[in-house]
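In the numbering used here, the protein residues as written are 91 to 887.
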């Protein structure tokens, strides 16, 4: 027993991995208590290895909504028994802690019942960590166990072995398991090394009805009697099969009351499994998951783990007093219940538009029907096939997008004989989010659900600024945002997700292994930016709003403090955003980053409502950056919104012409009407009050850019027909030359026609004056004033 609080250890550090093994399982407890502590501590990932019986009951818990997203559950089936180990591992790259006890991952196991637990660290229990490494290695290879966590078990074994090997040896603390050898046999060997046993005291809630286990242990220890704790103080946990008090013809049972278990301030039901064996040269304390049953202490049924403390030359022993035996009741060893459940257990993963998985220890196969629950009542269903190995896969279009902000997903499969299998669906993209974002994963999820705070936004902007490559689906290396150069070496480049599988890439071998996780991250980012474009309005503090409940209205002083705190956080958030925004728009050589900057700026406008001038500066900077790099078809609509909105609020006479020029450059379809400015709702709320959308679009439709007018002029010059007017050309100084060329073909030698703008005269190769080069860029016409004085006409901008 120990007064340690496991929950404090969970929250103590940003653990790299948290791994739990359990028989009974309450996901409501795990999410409310354990997972909450892990999140507060900054843990990156959590996985539960649970017996299929425990998982079966957890499937019915409506309070558990984060399974398959914020943590994983791996079902484990054991041939002829159950997975009964109760072990918790908390690991980071340099350290690790291990908790071994009797309590399941339930409210009862972590507080309501009387349990025992050992807290082990490599600094004093190196051997126990090596023993744990062997246990997880055995789990990965054992033919008795059926699960899909072999890779996790193998990796865990390596980390535990490294931790144990780097620590000093300690033969006094070991971790026993019964994957290959009965615990009775292992304990007997230790007792023999201590000169043999003199006394056995058993504290357990479950025994065999005929006392076989206690009899076998006494035979192995050469004892003719055993002291058994009778827990009158709080009683034992209840059940249906087995007994709370054994009867044995092989050994004498002596009821006692062990002092340390009967002096709690508040009585709790006994669920602890702990045994003291006093020897000739010391004593042994064994504690953990094994009950005093044959199924637990043997090696062919249940899978158990327990800590063995070997105290050599110790003359300490438990104090106890004689007691009355408990009234024998037919109880269940939770690990031996043989109820025939109506359904099997499966595991499934949603990766993109495909659900794949397998059944755990089931014979169900052939054509089946499936249904998916947990989508707010809008369940999905269909048909698929389970192969002879229990594997299945089927398409689930758009399900991942719907699941981003939803709760848990449960998959049910029904065979032709009405045999059922159920299990949770794990989302691959959420696993990737946790791996990449670490402690910021919860902040991302808050944005998806619209519950974020300015602190969340500030942290995420800072996280992206630290490494803008995080904004890309799959990255090898990049210099695209370091402001140094647009030229990339072969080993230092961005790889588009669409190109990840191409064998021609020199990085194809490395990239292939990253393709799936990169695609999952890309899908998450797509959903994130889509969520950011939804108009949610400013944070309540920015509007000066309260909770809406008159009884909870803050006092004037509290409101002032809250406003002051909000303004401080807003200032920090804007600072972090502007650093990221400048890096994406000014130093980037990628159109993707310019487009991302536009998305982020729109979101910041919506949530933090910056001043009009600042919002306008952001819009122009993002727009210019997008136009400079070029716009893809997927980006066209949003960039068109930016172009239209910026020039509409400019109010200049040439704004329609400038807007049309940029819209033509990105291939905008004017026949479809004005762009939907709601796509940039954040900017629109701040800048839109000064524009008339219909009026400005009409002006754009009626005007013609210099490029279009030059095109009409050249059509007339070269083909004798004009496709439009060129009134603005007539106002230029160069018009006299242009007009004479139309009237007299001999005058065309005064024109220099070029395919696109260039900074030097195409005939004399002398640099154009800056002003003339600017005219060529903006009006497609200029004069070579430094040399031949010919009129230069660009066919396109």
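Here a beta-carbon is modelled for each residue, glycine too, at the ideal position from N, C-alpha and C.
The structure displayed is predicted, hence computed values, not measured ones.
| message | My output table needs one value for residue 848: the three-state DSSP class, helix, strand or coil. | response | Taking the first residue of the chain shown as position 1, residue 848 is located at position 758. In the displayed model, residue 848 falls within coil according to three-state DSSP, outside both helix and strand.
Along the chain, where does the beta strand (DSSP E) that runs through residue 264 open and close?
-> By one-based count along the chain shown, residue 264 stands at place 174. Run containing residue 264: 263-267, per the beta strand (DSSP E) assignment.
*Might you give, ordered along the chain, the residues of its own chain that have their beta carbon closer than 6 Å to the beta carbon of residue 253, omitting 5 neighbours on each side?*
The residue given as residue 253 occupies position 163 in the chain shown. Answer for residue 253: 186, 212 and 219, listed in chain order.
N- and C-terminal bounds of the beta strand (DSSP E) containing residue 901: Look at the range of the chain in this structure, 91 to 887, and you will see that residue 901 is not part of it.
Do residue 118 and residue 158 come within 8 Å of each other at the CB atom, strictly closer than that value? Within the chain shown, numbered from 1, the residue matching residue 158 stands at position 68. Within the chain shown, numbered from 1, the residue matching residue 118 stands at position 28. Their beta carbons are not under 8 Å apart, which means residue 158 does not touch residue 118 by this criterion.
Check: So who's on the other strand from residue 165, going by DSSP bridges?
Finding: Within the chain shown, numbered from 1, the residue matching residue 165 stands at position 75. In the DSSP output, where bridge partners are listed per residue, residue 165 has 140.
Proximal residues to residue 357 (C-beta, below 7 Å), its chain only, five neighbours per side dropped:
Taking the chain shown and counting its residues from 1, the one referred to as residue 357 is at position 267. Same-chain partners within the cutoff: 323 and 324.
Next on the checklist: Closest to residue 769 by C-alpha separation, out of 346, 726 and 224, would be which residue?
Outcome noted: If you number the chain shown from 1, residue 769 lands on position 679. The shortest C-alpha separation from residue 769 is found at 726.
By the 10 Å Cβ neighbour count, where 16 or more other Cβ atoms means buried, how is residue 363 classified, buried or exposed? For the purposes of this step, residue 363 is identified with residue 273 of the chain shown, where counting begins at 1. By the neighbour-count rule (16 or more Cβ atoms within 10 Å), residue 363 is buried.
- prompt: Nearest CA to the CA of residue 821: which residue from 869, 778 and 777?
  reply: Residue mapping note: residue 821 aligns to position 731 of the chain shown, counting from 1. Among 869, 778 and 777, the Cα nearest to that of residue 821 belongs to 869.
message: Using only the alpha-carbon positions, how far apart do residue 216 and residue 395 sit?
response: The residue given as residue 216 occupies position 126 in the chain shown. The residue given as residue 395 occupies position 305 in the chain shown. About 16 Å.
Which residues DSSP lists as bridging residue 107, in chain order: Counting from 1 along the chain shown, the entry for residue 107 is found at position 17. Partner(s): 181.
Using alpha carbons as the reference points, say which of 435, 682, 799 and 704 lies closest to residue 751.
As a first step, residue 751 must be located in the chain shown, where it is residue number 661. Across the set 435, 682, 799 and 704, the C-alpha of 799 shows the shortest separation from the C-alpha of residue 751.
Give me the Cα-Cα distance between residue 469 and residue 541, rounded to the nearest whole angstrom.
Here residue 469 corresponds to residue number 379 of the chain shown, with the count starting at 1. Here residue 541 corresponds to residue number 451 of the chain shown, with the count starting at 1. In a straight line, the C-alpha of residue 469 is about 26 Å away from that of residue 541.
field: Buried versus exposed call for residue 297 [16 or more other C-beta atoms within 10 Å across all chains shown]
entry: Here residue 297 corresponds to residue number 207 of the chain shown, with the count starting at 1. It is buried - the Cβ of residue 297 has at least 16 other Cβ atoms within 10 Å.
- Query: Taking only beta-carbon atoms, is residue 558 less than 8 Å away from chain B?
  - Reply: Absent from the structure: chain B. Only one protein chain is present.
Measuring CA to CA, which of 232, 195, 249 and 399 is closest to residue 281?
-> Within the chain shown, the letter at position 191 stands for residue 281. The option with the nearest alpha carbon to residue 281 is 399.
| said: For residue 204 and residue 120, I'd like the C-alpha separation in whole angstroms. | reply: On the chain shown, position 114 is the one that residue 204 refers to. On the chain shown, position 30 is the one that residue 120 refers to. When rounded, the distance between both Cα atoms is 19 Å.
Just to confirm the assignment, what range does the beta strand (DSSP E) spanning residue 316 have? Counting from 1 along the chain shown, the entry for residue 316 is found at position 226. Where residue 316 is concerned, the enclosing beta strand (DSSP E) starts and stops at 315-319.
Item to check | Boundaries (first-last residue) of the alpha helix (DSSP H) holding residue 789 | outcome: Translated into positions along the chain shown, residue 789 becomes position 699. Element bounds for residue 789: 783-792.
Indicate whether the contact test is met: 3 or more Cβ pairs, each with one atom in the region 668-675 and one in the region 749-765, closer than 8 Å.
A contact between stretches requires three or more CB pairs, one per stretch, nearer than 8 Å, and the region 668-675 fails this requirement with the region 749-765.
Query - residue 401 (DSSP reduced to helix, strand or coil) - result: If you number the chain shown from 1, residue 401 lands on position 311. Reduced to three states, the DSSP call for residue 401 is strand.
Is DSSP giving residue 97 helix, strand or coil here?
Taking the chain shown and counting its residues from 1, one reaches residue 97 at position 7. Note: residue 97 maps to helix in three-state DSSP.
Nearest neighbour of residue 195, chosen from 183, 340, 173 and 483 [CA to CA]:
For the purposes of this step, residue 195 is taken as residue 105 along the chain shown, with counting starting at 1. Among 183, 340, 173 and 483, the Cα nearest to that of residue 195 belongs to 173.
Handout entry: Contact set for residue 308: own chain, Cβ-Cβ below 6 Å, skip 5 residues either direction
Key = Indexing the chain shown from 1 puts residue 308 at position 218. Counting only Cβ-Cβ distances below 6 Å, and skipping sequence neighbours, we find 316 and 341.
**Message:** With a threshold of 6 Å on Cβ separation, who are the neighbours of residue 669 within its own chain once the five nearest residues in sequence on each side are excluded?
**Reply:** Translated into positions along the chain shown, residue 669 becomes position 579. The answer, listed in chain order, is 555.
Tell me the DSSP secondary structure of residue 345 in three-state form. For the purposes of this step, residue 345 is taken as residue 255 along the chain shown, with counting starting at 1. Residue state, collapsed to three classes: strand.
So what's residue 305 in DSSP terms, helix, strand or just coil? For the purposes of this step, residue 305 is taken as residue 215 along the chain shown, with counting starting at 1. Helix.
Problem - Beta carbon of residue 889 nearer than 8 Å to that of residue 367 - result: Any question about residue 889 goes unanswered here, given that the chain covers just 91 to 887.
Fill in: Rounded C-alpha distance that separates residue 247 from residue 189
For the purposes of this step, residue 247 is taken as residue 157 along the chain shown, with counting starting at 1. For the purposes of this step, residue 189 is taken as residue 99 along the chain shown, with counting starting at 1. Cα to Cα, residue 247 sits roughly 16 Å from residue 189.
request  = Please name the residue in 112, 129, 116 and 106 whose C-alpha comes closest to that of residue 98.
outcome  = Numbered from 1 along the chain shown, position 8 holds the residue referred to as residue 98. Residue 98 has its Cα closest to that of 129, out of 112, 129, 116 and 106.
(Q) Just to confirm before moving on: does the CB-CB distance between residue 684 and residue 737 stay below 8 Å? (A) For the purposes of this step, residue 684 is taken as the residue at position 594 of the chain shown. For the purposes of this step, residue 737 is taken as the residue at position 647 of the chain shown. The answer is no: Cβ separation not under 8 Å.
Check your understanding: What do you get for residue 285, buried or exposed, if any count of 16 or more other CB atoms within 10 angstroms of its CB means buried?
Key -> Residue 285 sits at position 195 when you count from the first residue of the chain shown. Label assigned to residue 285: exposed.
**Study point:** Assumed close pair residue 830, residue 837 - CB separation to whole angstroms, cut-off 8 Å
**Key:** Within the chain shown, the letter at position 740 stands for residue 830. Within the chain shown, the letter at position 747 stands for residue 837. Going by Cβ atoms, the distance from residue 830 to residue 837 rounds to 4 Å, so yes, they are a contact pair.
Three-way DSSP call (helix, strand, coil) for residue 120 in this model: Along the chain shown, read from residue 1 onward, the residue named residue 120 stands at position 30. Here residue 120 sits in helix by DSSP.
| query | To which residues of the same chain is residue 577 closer than 7 Å at the C-beta, ignoring the five residues directly before and after it? | reply | As a position in the chain shown, residue 577 is number 487, starting the count at 1. Residue placement at residue 577 is poorly supported in this model, since its pLDDT is 36, which falls under 50; the coordinates still yield a value, given next. For residue 577, where only same-chain residues beyond five positions count, there are no Cβ hits under 7 Å.
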